[in-house]
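Q: Heads up: the sequence shown begins at 1 in UniProt numbering, then just goes up one per residue.
Take a look at the following structure, please.
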Amino acid sequence: MAASTKAGVTLTGVSKTFGDFTAVHPLDLTIPQGSFFALLGASGCGKTTTLRMIAGLERPTTGRVLLGEQDVTALPPHKRHVNTVFQSYALFPHLDVFDNVGFGLRRRGVRSVKKQVEEVLELVELGHLARRKPNQLSGGQQQRVALARAVVNRPEVLLLDEPLGALDLKLRRQMQLELKHIQTEVGITFVHVTHDQEEAMTMADTIAVMNGGRVEQLGAPAELYENPKTAFVANFLGQSNLIAAEVAWRSGEELLLQVGDAKLTLPASRTHAAAANPGAKVLAGIRPEKIAMVGRADAARVPQGRNMLPGTVVDASFTGVSTQYVVSSPYGQELAVFAQNVERGGFAPGAEVVLHWDPQHTFGLDGRQDIDAGTGEDAL
Ligand SMILES: Nc1ncnc2c1ncn2[C@@H]1O[C@H](COP(=O)(O)OP(=O)(O)OP(=O)(O)O)[C@@H](O)[C@H]1O
Ligand SMILES: [Mg+2]
């Protein structure tokens, strides 16, 4: 089911302080009904706290929480049409799979749970294991029981807090696809918390990137990836080259940037710096896979109009599908370049090269930011 235009969850001015520490700054957020929404960010940025306020497990310090049209700010968790799947899914060890899944329905007084439980077990492909106990299941199977146990209640909103954290990489990938599939089948609003950017991009329709208790940017995965607005988002979501530059000249549609002796063109529509007038410091961003590389001797063959920077290869690591290069530019910066492994042969460390790319792929950020924000090398 596609996400509708109706709101599934609305947060208005929601914040949370613990003593004198603000875990979540006033937050306005509308999550469309039926969408798969991800809260993405590093440890401690306020993801779980936000989720717990939606669930009713944490009382907001300010603001209101709405589920659909209903203001639930003052309602306790069990009065909200919400289910949460936590990282530790805590199944009842003495109950088998069927009874674990049927538990919530029975507690609500539903007498005949058989049909509903069987249906949801089919959905997570566990029908054949209905009589097993949790300790007789693999991690991924237990995870699916936890999910089934939440989905069977048909909540308006399903909250998932790092539910795949305990799984190994292969199982995680598999569960990501299954979760997405289940969400599409049942059409429930999913709010998924994760610190894994790949996981968020694979599954979510919309991602809110959080940093220090604030949402830095919100959008569809491809939009965030192609057009990040802050250094944190550019570095946290995939890998970016951020090049310190100065605005040399500006027309309506384009900016010309000075980097050492080189000039780069940047589309004005992709510039997210407040006052990018001549003299202003900006960070010119370019993703590693957008960059092509030729030997210095072939520089004349680079087509007109491309952005170009000279450099020296300092590292080349072959990963099978691609080779990842580190190239140092004479302007005091190292750049990452991913070259698809289409033809054999490449550049060895020491090679003098020219990097070039379509100016349209360049994005511009405010130069006053920490260039390493979100890389893991910044102070967390
Ligand atoms: N009950 C509490 N009292 C005081 N501080 C708290 C409390 N709960 C959370 N915090 C703080 O609020 C901040 C946000 O915590 P939160 O659990 O929301 O982070 P998170 O984004 O879920 O991180 P992680 O990825 O590590 O789970 C953290 O700095 C945390 O130490
Ligand atoms: Mg958390």
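From the three backbone atoms N, C-alpha and C, an ideal C-beta is built for every residue, glycine too.
Excluding the five sequence neighbours on either side, which residues of its own chain have a C-beta within less than 7 Å of the C-beta of GLN258, listed in chain order?
A: Result list for GLN258: ALA245, GLU246 and ALA248, in chain order.
Q: Whose C-beta lies closer than 8 Å to the C-beta of HIS94 among residues of the same chain, with five residues either side of it excluded?
A: Excluding positions up to five away in sequence, the list reads LYS133.
Q: To the nearest angstrom, how far is the alpha carbon of LEU365 from that of ASP28?
A: Cα-Cα distance, rounded: 24 Å.
Q: Count the other C-beta atoms from every protein chain shown that fall within 10 angstroms of the C-beta of PHE232, then say buried if there are 16 or more, exposed otherwise.
A: PHE232 is buried by the Cβ-count criterion.
Q: So CYS45 and MET201 are supposed to be a Cβ contact under 8 Å. How far apart are they, rounded?
A: CYS45 to MET201, Cβ: 17 Å. No contact.
Q: Note down the Cα distance separating ARG250 from ASN307, rounded to an integer number of angstroms.
A: Each residue's alpha carbon lies about 16 Å from the other.
Q: Can you have a look at PHE318 and say buried or exposed, based on whether 16 or more other CB atoms are within 10 angstroms of its CB?
A: It is exposed - the Cβ of PHE318 has fewer than 16 other Cβ atoms within 10 Å.
Q: Count the other CB atoms, across all protein chains shown, that sit within 10 Å of the CB of PHE236; report buried if there are 16 or more and exposed otherwise.
A: Answer is buried; the Cβ neighbour count reaches 16.
Q: Does residue 405 come out as helix, strand or coil in the three-state DSSP assignment?
A: Lying outside 1 to 380, the shown extent of the chain, residue 405 is not represented and no answer is given.
Q: Can you list, in chain order, the residues of its chain with a C-beta nearer than 7 Å to that of PRO278? Leave out the 5 residues immediately preceding and following it.
A: Correct list, in chain order: VAL247, ALA248, TRP249 and ARG250.
Q: Say yes only if the C-beta of ASP161 is nearer than 7 Å to one or more non-hydrogen atoms of ligand 2, and no if none qualify.
A: Result yes, Cβ under 7 Å from ligand 2.
Q: Can the beta-carbon of GLY305 be found less than 8 Å from the beta-carbon of LEU242?
A: No. Outside cutoff.
Q: Under the rule that 16 or more other beta-carbon atoms within 10 Å means buried, what is residue 462, buried or exposed?
A: The question about residue 462 has no answer here: the residues shown for the chain are numbered 1 through 380.
Q: From this set, GLY109, ASP358 and GLU334, which residue's C-alpha is nearest VAL314's C-alpha?
A: Considering only alpha carbons, the answer is GLU334.
Q: What is the DSSP secondary structure of PHE86, counted as helix, strand or coil?
A: In this structure, PHE86 counts as coil in the three-state DSSP scheme.
Q: Assign LEU29 to one of three DSSP states: helix, strand, or coil.
A: Correct three-state label for LEU29: strand.
Q: With distances taken between CB atoms, is the gap from PRO77 to LEU105 smaller than 8 Å?
A: Result no, Cβ atoms of PRO77 and LEU105 do not sit closer than 8 Å.
Q: Can you tell me where the beta strand (DSSP E) with LYS263 in it begins and where it stops?
A: From DSSP, the beta strand (DSSP E) with LYS263 extends over 262 to 267.
Q: Relative to the C-alpha of PRO330, which candidate in ASP372, MET293, LEU309 and HIS356 has its C-alpha closest?
A: Comparing Cα-Cα distances from PRO330 to each of ASP372, MET293, LEU309 and HIS356, the minimum goes to LEU309.
Q: Count the other C-beta atoms from every protein chain shown that fall within 10 angstroms of the C-beta of LEU169, then say buried if there are 16 or more, exposed otherwise.
A: Per the 10 Å Cβ criterion, exposed.
Q: Sorted by chain position, which residues of the same chain lie with C-beta nearer than 6 Å to GLU253's C-beta, five sequence neighbours on each side aside?
A: Contacts found: ALA268.
Q: Taking a contact to mean a Cβ-Cβ separation below 8 Å, would you say ALA348 touches ALA316 in this structure?
A: A contact, by the Cβ cut-off of 8 Å.
Q: Should the segment 35 to 45 be regarded as contacting the segment 190 to 207, the criterion being three or more beta carbon pairs within less than 8 Å?
A: With the cut-off at 8 Å, the segment 35 to 45 and the segment 190 to 207 touch.
Q: In three-state DSSP terms, what is TYR225?
A: Helix at TYR225.
Q: Pick helix, strand or coil for PRO310, following the three-state DSSP scheme.
A: Correct three-state label for PRO310: strand.
Q: Measure the C-alpha to C-alpha separation of LEU11 and VAL193 and round it to an integer number of angstroms.
A: Each residue's alpha carbon lies about 16 Å from the other.
Q: Between which two residues does the beta strand (DSSP E) holding LEU91 run?
A: Counting along the chain, LEU91 falls outside any beta strand (DSSP E), and DSSP gives it neither H nor E.
Q: Please confirm whether VAL82 and LEU67 have their CB atoms less than 8 Å apart.
A: Yes, the pair counts as a contact, with Cβ atoms nearer than the cut-off.
Q: Counting C-beta neighbours from all protein chains within 10 Å, is the total for ASP161 16 or more, i.e. buried, or is it exposed?
A: The residue is buried, with at least 16 neighbouring Cβ atoms inside 10 Å.
Q: So does the segment 114 to 130 actually touch the segment 143 to 150, counting three or more Cβ pairs closer than 8 Å?
A: The segment 114 to 130, when compared against the segment 143 to 150, does touch it at the 8 Å Cβ threshold.
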